[in-house]
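S.K.: Can you keep this structure in mind? I'll have questions shortly.
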Amino acid sequence: MKAEQRIYTSCNKGISGNTSGFQVYSQSPGMARWLADGNDLGPQEYAAPRGPQFPPQPGTPEELALYPSRNHFGPMNGPDGLYRMALATYIGRDYPEGVIRGGNYIDHALVVRAADMDAYPCQYIQSPTFWTTMDLNLARSAQAPEPLPEVEPRRNGVTAEAVRRFIAQDEPNIGVPRSQILTDMLRRFLGRHTTVAGKPYTRRIVIRCSADDFTMWVSAIQMALPIRQALGYGFSTYEKDITYANADIVRAVDGINGMSADLTASCAVFDLLDPSAPQPPHMVFGADEPTPEASVLESLTADELCTFIVGAMQYSPDSLTVFHRFLDETDYAGTDTQLGAAYALLRLVNGMTPFARMDADSIDAAIAFLQRHCRPDMWRRFADGMFRDIASTTFDERRLGIIANTLGGIAESDPDYAATATQRCLDLIVDVFSTSAPDHTAYEQRHAIAANVFAAAHRDLDTELFARLADNPNIDLGDGAAPGTPMPWTAHVVAAWFAGAVRAAAQATRGDDPLGRPLSVMVQAVGTRNTLMMDRLVRVVIAHDGDADASRLVDGMARALAPIPWAWFLFLIDVMSGSADARFVDSPNPAARPSQAAAACYAMLRDWYLAQDDDARLRCLRTLCGDAEYHRLADLLLDEQARLANTPPSRFLDLLATPAFGDALSDTYRQAHLNHLLGVIETAAGRDGSPFTRYHGMVAASRLLGANVPRSWYERQIADVDAGMPLDARPGDDYDRLRDNTLQLCGQLGTPVPPRMRLVGYRRLVTSLARSATAKRPDENTANVTLRRIQASAADLPLTVAGNQLDAYLGAIARDVAACVPTGRSCWNLQAIVVPREHTATIIRAAMRETAAHARVDDILLLIAVDAGFVDGTQGVRYRADQLARAIAEELAGNGVRLKTLARAADDKRQMDKLIARYERSYGIRFPDRSFDELYNGIVAALEATEQRHRPSILGSVQGIFGGKRRH
């Protein structure tokens with residue numbers, strides 16, 4: 001190892017040719033280049049201690065030996081990664097002849113590349129290579145010195161064995177084992193980085209002891225770690241003011257500035273000369289020392305490291321060598337509590353401590369160190385250690401999580417190792433099933449770990465487990481178990497594998513969805529091995545039907561397969577068809593009730609089916625209707641859909657009428673299940689009670705089932721449509737169009753017109769007569785034809801179906817009659833023929849009511865004259881004059897017609913003559929004077945009585961004026 005060198009002292013002329021005084025006496029060319037490149041050597045200085053024991057003008061070697069040497073070693077700041085070893089020695093008197101001025105010293109610095117250091121820096125303390133004095137002739141020479149050469153530093157003879165012997169003894173002045181002191185020194189040293197007022201601060205290690213002992217203490221601290229770590233910090237055998245020392249470990253001597261309470265508070269002071277001096281208390285990492293550069297977890301492991309190092313230095317140097325080599329394999333060169341994490345990692349990697357026996361915090365710290373500072377080969381060794389322990393250990397939840405996450409991370413970051421890791425995971429799980437009594441806990445832990453590894457490797461664990469173990473006949477799933485035997489946990493495990501294998505099979509179809517095609521296509525898509533396992537799992541479910549485990553197995557498989565609807569569908573179908581009952585959920589026979597699993601699967605299928613869109617439902621039905629074994633299931637789903645409350649029945653019926661729906665149902669299914677399909681249509685059509693929906697149902701049946709629909713079924717539906725037909729449907733409204741469509745269907749079927757629709761049609765006929773008769777230019781021929789149709793239809797009108805709407809229906813007929821009667825001859829007897837005779841009186845009253853409400857008094861008198869035909873029998877129907885008069889009077893009074901108004905017109909001869917002429921002209925017959933008078937007088941009497949009851953004074957005056965009887 002070659003070193004560049006530089007000597008600094010007081011001399012007459014240095015290498016730079018400057019004037020006399022303190023200066024660089026000489027240096028090697030390599031040193032000059034390094035310094036020129038920005039590498040900082042630091043000050044080469046020496047401040048002498050003060051005290052009576054230090055003579056101001058030391059002249060003898062013994063006096064000079066009283067002054068401590070300053071070995072100040074440490075890394076240099078700069079671009080070249082250099083390490084400085086320097087020795088400053090007090091010379092005393094300055095070089096000029098005759099001068100008595102003291103304070104002269106020589107500082108000899110040796111600088112090497114840190115990467116070239118092949119020994120610990122402590123092995124060069126007081127190296128014979130250092131100049132410790134200056135020849136006066138050289139110091140006084142007027143000639144500039146020659147550059148110094150590179151030099152091979154010589155070691156001081158300190159060895160690991162010497163250190164071992166040193167720490168094996170007690171410290172003589174304080175009577176404490178040096179091994180204990182060293183353990184505390186190491187704790188303080190690794191935890192020296194702290195914060196003060198929120199800023200980083202290094203708490204130096206200060207040792208008050210002899211120079212030789214300090215060399216041994218520094219050597220012990222340095223040799224505790226690899227050389228690379230020893231090059232990362234500085235130490236000094238003497239500093240006049242420790243507070244400003246550029247060193248982490250410093251020797252304290254008498255005569256320096258310090259050793260006060262302040263120094264003890266800011267540094268870890270080990271006074272090994274004064275038995276009465278307080279020593280630093282035993283350090284507990286994370287408790288009394290903050291560690292901002294490392295976590296408390298690392299600090300705890302560092303505490304274990306310190307104990308290990310001191311023990312290894314004394315009793316097992318080889319184990320310390322192993323630790324050093326391990327550190328050298330990492331990129332970490334620091335000297336802090338992270339080394340404790342490194343030590344924990346070593347113990348795990350080398351199997352010194354099993355994962356189950358190391359506390360979880362230490363494992364966390366070790367993994368953090370692994371992630372920050374180790375190469376892939378170390379990651380693999382660490383993973384190997386974990387796999388080794390997994391094979392023989394059961395872990396608590398936290399350790400299990402740590403191991404699973406770590407192995408997953410390693411597999412993700414190291415694709416080459418991922419293949420090894422996945423194979424080892426598979427082997428570990430296979431091992432569980434290689435025993436006669438597989439351990440469920442071991443499987444769960446290994447599966448949890450493997451799941452992370454496989455996910456990181458982008459592989460499906462369960463699929464590969466299924467491929468590896470599904471064909472193993474030794475795995476007991478409980479499919480042949482006797483009743484009451486618990487289901488083995490392996491059934492749930494294999495079910496999970498199966499689901500993974502099906503997912504893989506679905507991916508292989510590249511998005512092809514076989515739902516809607518025959519079940520054989522689905523079976524082919526799943527694959528033979530998967531299908532056989534599905535059948536076996538169904539046998540497991542049936543063998544344990546009613547058990548909570550069976551329900552859990554079904555639910556678990558259904559959830560696992562839910563992302564693949566067609567595979568999920570196939571599984572549910574398999575469970576239901578594997579049940580002892582093929583009718584599933586609605587059998588009235590208790591002995592044929594389905595298994596609980598089949599019922600649960602049907603419920604899942606039903607809920608899924610009802611939640612789908614039309615396309616998915618049709619594909620489901622197409623699959624079921626393609627196999628006679630599943631026709632009953634199609635029946636049930638259609639029943640559910642027909643009853644579905646959140647879907648308008650008309651929408652479902654419209655769907656049934658589409659060609660797509662017809663295509664979804666096979667011809668075989670439609671023929672074999674004709675009556676059931678008609679029942680489905682009836683259920684949907686009858687949900688809202690609307691005749692329109694009923695008609696929708698008939699259309700759907702016609703389009704879906706064609707000529708297979710029995711006439712009797714249509715007749716029942718037509719009767720239901722007719723029952724919902726309002727009798728006041730008006731021409732052109734929705735009901736009128738519904739009637740027309742239904743009548744068209746009746747014509748096609750050859751069935752009679754339903755009764756309510758007859759009534760609606762009859763009313764339309766009467767209305768058409770009224771419109772024709774009241775037109776500005778009446779068409780008498782049309783009116784006569786219509787009148788004949790009315791006369792032909794009236795006698796057998798099915799008025800009984802009108803129910804409580806009869807009065808309203810007759811009133812509507814009467815309104816049209818009231819409009820027709822005054823128009824001419826053909827309508828004179830319309831009241832008598834428009835309805836069956838038992839309802840003629842109702843028409844008479846209603847016609848009078850309509851006339852009284854809207855017509856003039858002459859129209860009322862004209863209608864009374866027409867109604868006189870019911871008194872004399874000319875209308876073909878005869879009523880007693882008094883009864884008819886009272887009825888007419890009630891309608892007149894009810895519509896506000898006063899007796900005086902009626903009497904004034906009847907007593908006016910001129911007006912009566914006009915009425916008679918109008919009657920005879922309109923109807924072509926003589927005016928019925930006699931029957932008119934009889935009816936009119938009865939009306940007057942009835943009106944007199946009515947008005948007398950309500951207003952006697954006024955009625956009396958009216959009677960006095962008009963007399964109340966018609967006069968000629």
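Numbering-wise (UniProt numbering), the sequence shown opens with residue 1 and increments by one.
Ideal Cβ positions, reconstructed from N, Cα and C, are used throughout, including at glycine.
(1) Determine the burial state of ASN530: buried for a count of at least 16 other Cβ atoms within 10 Å of its Cβ, exposed for fewer.
(2) Anyone know if the C-beta pair for THR693 and PRO649 falls short of 8 Å?
(3) Which runs of the alpha helix (DSSP H) fall wholly inside the UniProt domain "GTPase-associated protein 1 N-terminal" (3-135) and span at least 4 residues, in chain order?
(4) When you compare only the Cα positions, how much space is there between GLY511 and TRP566?
(5) Taking all protein chains shown into account, decide if HIS398 is buried (16 or more other Cβ within 10 angstroms of its Cβ) or exposed.
(6) Starting from ALA252, follow the alpha helix (DSSP H) in both directions and report where the run begins and ends.
(7) When the Cα atoms are used, what is the spatial distance from TYR201 to ALA168?
(8) Who are the Cβ neighbours of ARG539 in its own chain at under 6 Å, not counting the five residues just before and after it?
(9) Using 10 angstroms around the beta-carbon of HIS373, count the other beta-carbons present and answer buried if the total reaches 16, otherwise exposed.
(10) Counting only runs of 4+ residues fully inside the region 570-649, write out the alpha helix (DSSP H) ranges in chain order.
(11) Determine, using beta carbons only, whether GLY811 and ALA852 come nearer to each other than 8 Å.
(12) Less than 8 Å separating the beta-carbons of ALA794 and SER826?
(13) Please report the residue range of the beta strand (DSSP E) in which HIS193 lies.
(14) Give me the Cα-Cα distance between ASN104 and ALA88, rounded to the nearest whole angstrom.
(15) What separation, rounded to the nearest whole angstrom, lies between the Cα atoms of ASP414 and ALA115?
(16) Determine which residues share a DSSP beta bridge with ARG399 and list them.
(17) Quick one: what does DSSP say PHE433 is sitting in, helix, strand or coil?
(18) Taking the DSSP output, what are the residues bridged to ILE207?
(19) State buried or exposed for GLY546, treating a residue as buried only when at least 16 other CB atoms are found within 10 Å of its CB.
(20) Does the distance from the C-beta atom of LEU428 to that of ALA451 stay below 8 Å?
(21) When you compare only the Cα positions, how much space is there between residue 992 and ASP241?
(22) Please report the straight-line C-alpha distance between ASP574 and HIS631, rounded to a whole angstrom.
(23) Under the DSSP definition of a beta bridge, which residues are partnered with LYS199?
(24) Between the C-alpha atoms of ALA224 and LEU320, what's the straight-line distance to the nearest angstrom?
(25) Check whether the Cβ atoms of ALA139 and HIS108 sit closer than 8 Å, and answer yes or no.
(26) Does the structure place the region 917-927 close enough to the region 896-908 that three or more beta carbon pairs sit under 8 Å?
(27) What does DSSP give as the partner residue(s) for ARG517 in the beta ladder?
(28) Check this for me: beta carbons of LEU469 and PHE433, under 8 Å apart or not?
(29) Identify the continuous alpha helix (DSSP H) that holds SER362 and give its terminal residues.
(30) CB-CB under 8 Å to residue 984, same chain, minus the five flanking residues each way: which ones, in chain order?
(31) Kindly indicate which residue of VAL801, ASP858, ASP807 and GLN791 has the alpha-carbon position closest to the one of VAL835.
(32) Roughly how many whole angstroms lie between the Cα atoms of LEU515 and GLN744?
(33) Indicate the three-state DSSP secondary structure (helix, strand or coil) for ASP439 in the structure shown.
(34) Hey, out of GLN314, GLY14, LEU182 and PRO49, whose CA is closest to ALA161's CA?
(35) Expressed to the nearest angstrom, what Euclidean distance is found between the alpha-carbon atoms of LEU82 and ALA247?
(36) Between ALA597 and ILE542, how many whole angstroms is the CB-CB distance? I'm expecting something under 8 Å.
M.R.: If we stick to the structure as given:
(1) One-based indexing of the sequence shown puts residue 530 at position 530. The residue is buried, with at least 16 neighbouring Cβ atoms inside 10 Å.
(2) Numbered from its first residue, the sequence shown carries residue 693 at position 693. Numbered from its first residue, the sequence shown carries residue 649 at position 649. Result yes, Cβ atoms of THR693 and PRO649 sit closer than 8 Å.
(3) 29-36 and 61-65
(4) Working through the sequence shown from its first residue, we reach residue 511 at position 511. Working through the sequence shown from its first residue, we reach residue 566 at position 566. Going by the C-alpha atoms only, they are around 11 Å apart.
(5) As a working note, residue 398 is residue 398 in the sequence shown. Inspection of the sequence shows that residue 398 is occupied by Arg rather than by His. Its Cβ having fewer than 16 others within 10 Å, ARG398 is exposed.
(6) Within the sequence shown, the letter at position 252 stands for residue 252. First-last for ALA252: 249-252, but that is the beta strand (DSSP E), not the alpha helix (DSSP H).
(7) Numbered from 1 along the sequence shown, position 201 holds the residue referred to as residue 201. Numbered from 1 along the sequence shown, position 168 holds the residue referred to as residue 168. So the alpha carbons of these two residues sit roughly 33 Å apart.
(8) On the sequence shown, residue 539 is found 539 positions in, with the first residue counted as 1. Hits under 6 Å: ASP479.
(9) Here residue 373 corresponds to residue number 373 of the sequence shown, with the count starting at 1. Under this definition HIS373 is a buried residue.
(10) 596-611, 614-625 and 631-643
(11) Indexing the sequence shown from 1 puts residue 811 at position 811. Indexing the sequence shown from 1 puts residue 852 at position 852. The answer is no: Cβ separation not under 8 Å.
(12) The count along the sequence shown starts at 1 and reaches residue 794 at position 794. The count along the sequence shown starts at 1 and reaches residue 826 at position 826. Result no, Cβ atoms of ALA794 and SER826 do not sit closer than 8 Å.
(13) As a working mapping, residue 193 is identified with position 193 in the sequence shown. First-last of the beta strand (DSSP E) with HIS193: 193-196.
(14) The residue labelled residue 104 in the question sits at position 104 within the sequence shown. The residue labelled residue 88 in the question sits at position 88 within the sequence shown. Each residue's Cα considered, the two are about 10 Å apart.
(15) Residue 414 sits at position 414 when you count from the first residue of the sequence shown. Residue 115 sits at position 115 when you count from the first residue of the sequence shown. Cα to Cα, ASP414 sits roughly 29 Å from ALA115.
(16) For the purposes of this step, residue 399 is identified with residue 399 of the sequence shown, where counting begins at 1. Looking at the DSSP assignment, ARG399 forms no beta bridge with any residue, so it has no partner.
(17) Mapped onto the sequence shown, residue 433 falls at position 433. Correct three-state label for PHE433: coil.
(18) Within the sequence shown, residue 207 is the residue found at index 207, counting from 1. Looking at the DSSP assignment, ILE207 forms a beta bridge with ARG251 and PHE270.
(19) Position 546 of the sequence shown, counting from 1, holds the residue named residue 546. It counts as exposed.
(20) For the purposes of this step, residue 428 is taken as residue 428 along the sequence shown, with counting starting at 1. For the purposes of this step, residue 451 is taken as residue 451 along the sequence shown, with counting starting at 1. Contact flag unset, no.
(21) A question about residue 992 goes unanswered here, because the residues of the chain that appear run from 1 up to 968.
(22) Along the sequence shown, read from residue 1 onward, the residue named residue 574 stands at position 574. Along the sequence shown, read from residue 1 onward, the residue named residue 631 stands at position 631. Those two C-alpha atoms are separated by around 14 Å.
(23) Counting from one through the sequence shown, the residue named residue 199 turns up at place 199. VAL196.
(24) One-based indexing of the sequence shown puts residue 224 at position 224. One-based indexing of the sequence shown puts residue 320 at position 320. Computed Cα separation, rounded: 8 Å.
(25) Here residue 139 corresponds to residue number 139 of the sequence shown, with the count starting at 1. Here residue 108 corresponds to residue number 108 of the sequence shown, with the count starting at 1. The answer is no: Cβ separation not under 8 Å.
(26) no
(27) Locating residue 517 in the sequence shown gives position 517, where the first residue counts as 1. Answer by DSSP bridge pairing, in chain order: LEU515.
(28) For the purposes of this step, residue 469 is taken as the residue at position 469 of the sequence shown. For the purposes of this step, residue 433 is taken as the residue at position 433 of the sequence shown. Contact: yes.
(29) Locating residue 362 in the sequence shown gives position 362, counting from the first residue. Its alpha helix (DSSP H) spans residues 360-373.
(30) Only positions 1 to 968 of the chain appear in the structure, and residue 984 is not among them; the question remains open.
(31) Translated into the one-based positions of the sequence shown, residue 835 becomes position 835. Residue GLN791 is the option with its Cα nearest to VAL835.
(32) Numbered from its first residue, the sequence shown carries residue 515 at position 515. Numbered from its first residue, the sequence shown carries residue 744 at position 744. Roughly 41 Å separates the two Cα atoms.
(33) Here residue 439 is taken as the residue at index 439 of the sequence shown, counted from 1. Three-state result, ASP439: coil.
(34) The residue labelled residue 161 in the question sits at position 161 within the sequence shown. The sequence shown places Glu at residue 161, not Ala. Of the candidates GLN314, GLY14, LEU182 and PRO49, the one whose C-alpha sits nearest the C-alpha of GLU161 is GLN314.
(35) Position 82 of the sequence shown, counting from 1, holds the residue named residue 82. Position 247 of the sequence shown, counting from 1, holds the residue named residue 247. In a straight line, the C-alpha of LEU82 is about 16 Å away from that of ALA247.
(36) Your numbering for residue 597 matches position 597 in the sequence shown. Your numbering for residue 542 matches position 542 in the sequence shown. Between ILE542 and ALA597 the Cβ distance is about 7 Å, and since that is below 8 Å, they are a contact.
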